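Engineer:
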Amino acid sequence: MPTLIFTEALLTTGLGHLGRCTALAEKLLEEGESSIQMILHTDHTSSNWSFPCQVQFINWKDKNQLKNFLDEYRQITDLSELIFYVDSYLAELEIYNTLKDFCSELICIDDDCRLDYPTQSTILNPGYPGLYLEYNTKKYKILTGKDQVLLRKPFREKFEIPKKNNPPQKILVTLGGSDPHLFSEEILSLLVKNFPRIEKHLVVGPGFTNEMKLKELSNNNTFFYKNLSAIQMRDLMIQMDFAITAGGQTTYELDQCKVPMVMIKTAENQEGNIRGFVEFQKGQVVSEPKELVEMLKNNFFHSTYID
Numbered sequence: 000m001p002t003l004i005f006t007e008a009l010l011t012t013g014l015g016h017l018g019r020c021t022a023l024a025e026k027l028l029e030e031g032e033s034s035i036q037m038i039l040h041t042d043h044t045s046s047n048w049s050f051p052c053q054v055q056f057i058n059w060k061d062k063n064q065l066k067n068f069l070d071e072y073r074q075i076t077d078l079s080e081l082i083f084y085v086d087s088y089l090a091e092l093e094i095y096n097t098l099k100d101f102c103s104e105l106i107c108i109d110d111d112c113r114l115d116y117p118t119q120s121t122i123l124n125p126g127y128p129g130l131y132l133e134y135n136t137k138k139y140k141i142l143t144g145k146d147q148v149l150l151r152k153p154f155r156e157k158f159e160i161p162k163k164n165n166p167p168q169k170i171l172v173t174l175g176g177s178d179p180h181l182f183s184e185e186i187l188s189l190l191v192k193n194f195p196r197i198e199k200h201l202v203v204g205p206g207f208t209n210e211m212k213l214k215e216l217s218n219n220n221t222f223f224y225k226n227l228s229a230i231q232m233r234d235l236m237i238q239m240d241f242a243i244t245a246g247g248q249t250t251y252e253l254d255q256c257k258v259p260m261v262m263i264k265t266a267e268n269q270e271g272n273i274r275g276f277v278e279f280q281k282g283q284v285v286s287e288p289k290e291l292v293e294m295l296k297n298n299f300f301h302s303t304y305i306d
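Numbering (numbering that gives the first Met the number 0), first residue to last: 0 to 306.
1. If you reduce the DSSP assignment to three classes, tell me which class Asn298 lands in.
2. Nearest by alpha-carbon distance to Leu171: which of Gly15, Lys137, Val258 is it?
3. DSSP three-state call for Asp306: helix, strand or coil?
4. Could you give the residue range of the alpha helix (DSSP H) that holds Asn272?
5. Which residues in the same chain have their Cβ closer than 6 Å to the Cβ of Asp306, if we skip the five residues on either side of it in sequence?
6. Spatial neighbours of Gly13 within its chain, please: C-beta separation below 7 Å, excluding the five flanking residues on both sides.
7. Which stretch, first to last residue, makes up the beta strand (DSSP E) that contains His40?
8. Would you say the stretch 123–139 touches the stretch 29–48, given that touching needs at least three Cβ pairs under 8 Å?
9. Have a look at Glu184 and Arg155 and give me their C-alpha separation to the nearest angstrom.
10. Using the Cβ count rule (16 or more neighbours within 10 Å means buried), how would you classify Asn63?
11. DSSP on Ala242, reduced to helix/strand/coil?
12. Taking just the CA atoms, how far does Glu210 sit from Gly275?
13. Looking only at its own chain, which residues have a Cβ that is under 6 Å from the Cβ of Gln269, when we skip the five neighbours before and after it?
14. Tell me the residue span of the beta strand (DSSP E) that contains Glu198.
15. Please report the residue range of the alpha helix (DSSP H) in which Phe68 lies.
16. Is Glu7 helix, strand or coil when you go by DSSP?
17. Nearest CA to the CA of Asn124: which residue from Asp109, Lys138, Asp115?
18. Using a threshold of 8 Å, state whether the C-beta atoms of Asp17 and Ser45 are closer than that.
19. Sort out for me which residues DSSP pairs Tyr134 with in a bridge.
20. Using DSSP with H/G/I as helix, E/B as strand and the rest coil, what is Ser286?
21. Between which two residues does the beta strand (DSSP E) carrying Met262 extend?
22. Return the Cβ separation of Leu149 and Arg19 in integer angstroms, given the expectation that the two are a contact with Cβ distance under 8 Å.
23. If you follow the beta strand (DSSP E) that Lys169 is part of, which residue opens it and which one closes it?
24. What three-state label does DSSP hand Gln255 in the structure shown?
25. Helix, strand or coil: how does DSSP classify Cys107 here?
26. Sorted by chain position, which residues of the same chain lie with C-beta nearer than 6 Å to Ile160's C-beta, five sequence neighbours on each side aside?
27. Hey, would you say Thr2 sits closer than 8 Å to Ser34, going by beta carbons?
28. To the nearest angstrom, how far is it from the Cα of Cys112 to the Cα of Val261?
29. Which residue marks the beginning of the beta strand (DSSP E) containing Asn164, and which one marks its end?
30. Within 10 angstroms of its Cβ, does Asp100 collect 16 or more other Cβ (buried), or is it exposed?
31. So, under 8 Å CB-CB, Asn272 and Pro128 are touching, yes? Tell me the CB distance rounded to an integer number of Å.
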């Protein structure tokens, strides 16, 4: 059935939603659905993104722009036969209600019961968080759990995973599309000071505002990456011995690549995801960067290796 996927990629929201909506589009195409469009509200954040389907760039969260788009689209397509997916941090309930009126099925991708979504919608919580939320199962159809995770194609393909070094020789730091808390600076500073001989591989998101500062904090064993494709990100991950990561979508990609990781919460909607990894997979978590040094020392390193 023809499908529209409404999502966003902004400096303020990062790339998590775009990543899983890209994975969703890939999955639908693989299942034989040929008529898929992504309706994307973005700034320059997604300028280097690779899309698997047709994309229209519209601020669909503005009710006037949305109405104009739907009215024009209705001239060429029977909207009553369409499925709409919506994945947003920012869209208001009024927008969801409007979309519900124009489609045969509305699927709301959710992390943390963000809204009281329209009655008879489907709620897709792709991962652990939905296991901890009290969704109204009489009002909604609920799809959740790790088996619902949306992974981009390179992470679902068969690939070889090299043997890991223990203690780690290569540490990946990936904190998402933006870094409002400037955790990257504190983490890099701690790693350079306490583990100078270890390779530090830091992924700089499009919303980072501190690239010059990060370069000042680096040493000769520090490497930076920007605008990686999904396959480039996967190939980087599988070379790593350990990762320090935000608690969002990237955790599932690292898990698929069998990279041991420690999580740090960078946004409130990551709480359930982190909890799931801790409870179901004995994942490790720190509440602030300064806890990383002791955790790494206790788990991996002897003093003779650190100095």
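Every residue gets a Cβ at the ideal spot worked out from N, C-alpha and C, and that includes glycine. Just so you know, these numbers come straight off a predicted model, no measurement behind them.
Structural biologist: From the atom records:
1. In the sequence shown, the residue the question calls residue 298 occupies position 299. Helix at Asn298.
2. Residue 171 sits at position 172 when you count from the first residue of the sequence shown. The shortest CA-to-CA distance from Leu171 to any of Gly15, Lys137, Val258 is the one to Val258.
3. Mapped onto the sequence shown, residue 306 falls at position 307. Low per-residue confidence applies at Asp306: pLDDT is 46, beneath 50, and the placement is therefore not dependable, though the value from the model is reported in the following sentence. Of the three classes helix, strand and coil, the one that applies to Asp306 here is coil, per DSSP.
4. Within the sequence shown, the letter at position 273 stands for residue 272. Where Asn272 is concerned, the enclosing alpha helix (DSSP H) stretches over 270–280.
5. Position 307 of the sequence shown, counted from the first residue, corresponds to residue 306. Note that Asp306 scores a pLDDT of 46, beneath 50, so its modelled location is shaky and nothing firm can be said.
6. Here the question's residue 13 lines up with position 14 in the sequence shown. Excluding sequence neighbours, Gly13 sits near Gly175, Gly176, Ser177, Gly204, Gly206.
7. Within the sequence shown, the letter at position 41 stands for residue 40. First-last of the beta strand (DSSP E) with His40: 35–41.
8. no
9. Your numbering for residue 184 matches position 185 in the sequence shown. Your numbering for residue 155 matches position 156 in the sequence shown. Whole-angstrom Cα-Cα distance: 32 Å.
10. Counting from one through the sequence shown, the residue named residue 63 turns up at place 64. Exposed, since its Cβ has fewer than 16 Cβ neighbours within 10 Å.
11. What you label residue 242 is simply residue 243 of the sequence shown in a count that begins at 1. In the structure shown, Ala242 sits in a strand (DSSP, three-state: E or B).
12. By one-based count along the sequence shown, residue 275 stands at place 276. By one-based count along the sequence shown, residue 210 stands at place 211. Cα-Cα distance, rounded: 32 Å.
13. Locating residue 269 in the sequence shown gives position 270, where the first residue counts as 1. Excluding five sequence positions before and after Gln269, the CB atoms of its chain that fall closer than 6 Å to its own CB belong to Gly246, Gly247, given in chain order.
14. In the sequence shown, residue 198 corresponds to position 199, counting from 1. Here the beta strand (DSSP E) through Glu198 covers 198–203.
15. The sequence position of residue 68 within the sequence shown is 69, counting from 1. Its alpha helix (DSSP H) spans residues 62–73.
16. As a first step, residue 7 is located in the sequence shown; it is residue number 8 there, counting from the start. In the structure shown, Glu7 sits in a strand (DSSP, three-state: E or B).
17. As a first step, residue 124 must be located in the sequence shown, where it is residue number 125. Comparing Cα positions, the closest option is Asp109.
18. Here residue 17 refers to the residue found at position 18 when the sequence shown is read from its first residue. Here residue 45 refers to the residue found at position 46 when the sequence shown is read from its first residue. The sequence given here has Leu at residue 17, not Asp. For Leu17 and Ser45, yes; Cβs fall inside 8 Å.
19. Position 135 of the sequence shown holds residue 134. Tyr134 pairs with nothing; no bridge assigned.
20. Taking the first residue of the sequence shown as 1, we reach residue 286 at position 287. DSSP places Ser286 in coil when its eight states are reduced to three.
21. On the sequence shown, position 263 is the one that residue 262 refers to. Run containing Met262: 260–263, per the beta strand (DSSP E) assignment.
22. Counting from 1 along the sequence shown, the entry for residue 149 is found at position 150. Counting from 1 along the sequence shown, the entry for residue 19 is found at position 20. Between Arg19 and Leu149 the Cβ distance is about 4 Å, and since that is below 8 Å, they are a contact.
23. For the purposes of this step, residue 169 is identified with residue 170 of the sequence shown, where counting begins at 1. Lys169 -> beta strand (DSSP E) spans 169–173.
24. Your numbering for residue 255 matches position 256 in the sequence shown. Here Gln255 sits in helix by DSSP.
25. What you label residue 107 is simply residue 108 of the sequence shown in a count that begins at 1. Residue state, collapsed to three classes: strand.
26. Within the sequence shown, numbered from 1, the residue matching residue 160 stands at position 161. Counting only Cβ-Cβ distances below 6 Å, and skipping sequence neighbours, we find Ile237, Lys257.
27. For this step, residue 2 is matched to residue 3 along the sequence shown. For this step, residue 34 is matched to residue 35 along the sequence shown. Taking 8 Å as the Cβ cut-off, Thr2 and Ser34 qualify as a contacting pair.
28. Along the sequence shown, one-based indexing puts residue 112 at 113. Along the sequence shown, one-based indexing puts residue 261 at 262. Cα-Cα distance, rounded: 25 Å.
29. Along the sequence shown, read from residue 1 onward, the residue named residue 164 stands at position 165. DSSP places Asn164 in no beta strand (DSSP E); its state is neither H nor E.
30. Your numbering for residue 100 matches position 101 in the sequence shown. So Asp100 ends up on the exposed side.
31. Taking the sequence shown and counting its residues from 1, one reaches residue 272 at position 273. Taking the sequence shown and counting its residues from 1, one reaches residue 128 at position 129. About 5 Å; that satisfies the 8 Å criterion.
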